[in-house]
Amino acid sequence: MLRLHDVYPSLAIHLYTFIFLVINDIRVNGQFVVEVLEPARMGIRRSVQRCEATGANFGADIVTFSFGHEAIGCATHADPIEACIDSTYPTNITLCDSNFALVPRGNCSFSEKAYHVQRAEPMGFQALIVYNSEGKPPIDMAGIFQFLNIALVQLFKSCNCIKIQSIIYSLFVDGFIIIEISVRIPVLMISYQCMLAINNTYPASKGYVVQIKVSPGYYDLFRYLIPFVVVVGFCFIVLLISLIFKAIRLCRERRRVARKRLSKRNLRKIPTKKFRKGDEPETCAICLDDFIEGEKLRVLPCRHTYHCKCIDPWLTQNRKVCPMCKRRVGAKNSDSESSDEERRQEVSKQA
1 MLRLHDVYPS LAIHLYTFIF LVINDIRVNG QFVVEVLEPA RMGIRRSVQR
51 CEATGANFGA DIVTFSFGHE AIGCATHADP IEACIDSTYP TNITLCDSNF
101 ALVPRGNCSF SEKAYHVQRA EPMGFQALIV YNSEGKPPID MAGIFQFLNI
151 ALVQLFKSCN CIKIQSIIYS LFVDGFIIIE ISVRIPVLMI SYQCMLAINN
201 TYPASKGYVV QIKVSPGYYD LFRYLIPFVV VVGFCFIVLL ISLIFKAIRL
251 CRERRRVARK RLSKRNLRKI PTKKFRKGDE PETCAICLDD FIEGEKLRVL
301 PCRHTYHCKC IDPWLTQNRK VCPMCKRRVG AKNSDSESSD EERRQEVSKQ
351 A
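Structure below.
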């Protein structure tokens with residue numbers, strides 16, 4: 001069985017890389033907020049600190065997570081703090097239903113950190129908040145798929161599919177891709193200064209909690225975009241339905257009109273003759289001109305005779321009856337069947 005990369009290796013490389021890049025852009029480019037809330041007073045928590053955050057191209061969808069009840073929790077350091085190996089909850093565990101791991105950047109990949117904190121004993125963290133080095137702003141985090149993109153881009157010119165297969169194989173063997181796919185918690189990054197505020201100024205031990213939210217500008221875009229898309233989609237569906245009904249009515253009207261007219265196929269079955277002096281009648285009842293010898297005439301079943309140039313348009317474009325006696329010309333159902341066959345022939349010619 002032939003596969004895409006066997007037949008078109010260069011096209012396959014470009015296609016795979018494009019898909020990876022699109023997925024990365026969708027997952028990373030949304031901006032988020034980590035907000036610190038004071039202890040509840042009369043059931044109300046007031047915001048005391050607001051930190052800009054970035055997302056990752058792996059893990060749970062942060063937008064979806066931000067609307068759930070787990071989006072509010074206590075931020076605590078993991079143990080060990082860098083979370084490059086299996087982690088556990090710290091001894092001073094909080095009373096929050098959701099706990100977010102505060103982990104510094106470095107020493108291992110972001111996906112490894114997320115994998116270990118979500119498996120922390122005894123119940124696992126619900127989110128990973130990575131903080132950058134001191135003085136550096138938060139950055140968009142990429143997992144091993146991003147490095148796979150870079151490898152594919154570097155192999156564009158060589159188009160060596162064996163190299164690509166070996167890279168993917170080695171990544172699966174080493175377990176990096178499996179680890180990244182296994183990450184089921186949201187992953188964010190904040191600045192070092194924000195971590196200090198969360199950990200020292202507003203610690204979870206004093207009742208402060210953090211909430212993971214979507215940036216207001218990003219949320220406003222969706223708040224207005226989704227209704228707009230719904231309205232446009234509804235209008236499009238209504239327009240499409242109206243066009244379908246209009247097409248059906250038009251088709252029925254054409255069939256109704258076609259049944260009243262004589263088809264060209266049945267017109268050719270009506271006999272013709274050439275006029276000779278002494279024949280009756282001598283005048284065409286439509287144009288009121290006298291027949292000229294040798295002129296082609298059409299003789300209807302009712303025996304009324306007309307110029308072909310006069311009666312043919314009448315029968316095919318107006319009604320299939322004799323203009324004088326109103327007698328029907330042709331069989332009752334022959335015209336509709338012939339007109340259907342003619343339409344099928346026209347469609348086949350156009351195709």
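Under full-length UniProt numbering, the sequence shown has 151 at position 151, and the numbering climbs by one with no breaks. The beta-carbon is built from N, C-alpha and C at its ideal position, and this holds for glycine as well.
Original post:
Rounded to a whole number of angstroms, what is the C-alpha to C-alpha distance between threonine 88 and leucine 128?
Top reply: 13 Å
Original post:
Do you know offhand how far histidine 77's Cα is from valine 103's?
Top reply: 6 Å
Original post:
In terms of alpha-carbon separation, which member of Phe291, Arg184, Cys251 and Ala40 lies closest to isoleucine 62?
Top reply: Arg184
Original post:
Under a three-way DSSP split, which group does tyrosine 115 fall into?
Top reply: helix
**OP:** Take the Cβ of arginine 261 as the centre, count every other Cβ of all protein chains shown within 10 Å, and call the residue buried at 16 or more, exposed below.
**Re:** buried
Original post:
Between which two residues does the beta strand (DSSP E) harbouring valine 36 extend?
Top reply: 32 to 37
Original post:
If we count the other Cβ atoms within 10 Å of its Cβ and call it buried at 16 or more, is glutamate 121 buried or exposed?
Top reply: exposed
Original post:
Any chance the region 306 to 313 sits against the region 279 to 298, with 3 or more Cβ pairs inside 8 Å?
Top reply: yes
Original post:
Is glutamine 317 buried or exposed, if buried means 16 or more other CB atoms sit within 10 Å of its CB?
Top reply: exposed
Original post:
Just to confirm, are serine 191 and cysteine 74 a CB contact at a threshold of 8 Å?
Top reply: no
Subject >> Option nearest proline 301 by Cα separation, candidates Phe291, Glu293, Leu315 and Ala247 >> reply: Leu315
Original post:
Near histidine 304, what residues of its chain come up, given a Cβ to Cβ distance below 6 Å and the 5 sequence neighbours on each side ignored?
Top reply: Cys322 and Met324
**OP:** State the DSSP-derived secondary structure class of aspartate 25, mapped to helix, strand or coil.
**Re:** The predicted position of aspartate 25 is uncertain, since its pLDDT is 47 and thus under 50; no value can be drawn from it.
Subject >> Cβ shell of serine 182 (< 7 Å), same chain only, five flanking positions each side left out >> reply: Tyr115
**OP:** Following the continuous alpha helix (DSSP H) through phenylalanine 65, name the residue where it begins and the one where it ends.
**Re:** 62 to 66
Original post:
Residue ranges of each beta strand (DSSP E) run of no fewer than 3 residues wholly in the region 290 to 325, ordered along the chain?
Top reply: 296 to 299 and 305 to 307
Original post:
Residues in its own chain within less than 6 Å of tyrosine 306 by CB, not counting five upstream and five downstream?
Top reply: Cys284, Ile286 and Arg298
Subject >> Residue burial classification, asparagine 200 (beta-carbon count within 10 angstroms, cutoff 16) >> reply: exposed
**OP:** Flag this pair as yes or no: are the beta carbons of valine 210 and isoleucine 198 separated by less than 8 Å?
**Re:** yes
**OP:** Identify which residue in Phe275, Asp279, Phe125 and Glu282 has its Cα closest to the Cα of glycine 294.
**Re:** Phe275
**OP:** Work out the CA separation of glycine 124 and alanine 83 for me, nearest whole Å.
**Re:** 12 Å
Original post:
If you follow the beta strand (DSSP E) that asparagine 99 is part of, which residue opens it and which one closes it?
Top reply: 99 to 104
Original post:
Considering cysteine 74, what are the terminal residues of the alpha helix (DSSP H) in which it resides?
Top reply: Here cysteine 74 belongs to no alpha helix (DSSP H); instead the beta strand (DSSP E) covers 72 to 77.
Original post:
Going by DSSP, which residues form a beta bridge with arginine 41?
Top reply: Ile44
Subject >> 7 Å Cβ shell around lysine 273 - same chain, five flanking residues per side excluded >> reply: Leu297 and Val299
Subject >> Nearest to alanine 53 (by Cα), restricted to the options Val232, Lys277 and Ile139 >> reply: Ile139
**OP:** On the DSSP bridge assignment, give the partners of alanine 127 in chain order.
**Re:** Phe100
Original post:
When you compare each of Gly135, Met195 and Arg328 to valine 36 by their alpha carbons, which one comes out closest?
Top reply: Met195
Subject >> Residue interval of the alpha helix (DSSP H) (run including methionine 195) >> reply: 192 to 196
**OP:** Under 8 Å by Cβ, that's how I've got serine 98 and glutamine 118 pegged, so tell me the actual separation to the nearest angstrom.
**Re:** Incorrect: roughly 12 Å between the Cβ atoms, too far for contact.
Subject >> Reference asparagine 132, options Asp86, Phe67, Ile226 and Gly55, closest by Cα >> reply: Gly55
**OP:** Just the C-alpha distance for arginine 27 and isoleucine 85, rounded to the nearest angstrom, thanks.
**Re:** Any answer about arginine 27 is weak, because its pLDDT of 46 lies below 50 and its placement is not dependable; what the coordinates show is given next. One C-alpha to the other measures close to 25 Å.
Subject >> glutamate 70 versus Lys136, Cys96 and Arg45, residue with shortest Cα-Cα distance >> reply: Cys96
Original post:
How many angstroms separate the CA atom of phenylalanine 245 from the CA atom of valine 230?
Top reply: 22 Å
**OP:** Tell me where the alpha helix (DSSP H) around lysine 264 begins and ends.
**Re:** 264 to 267
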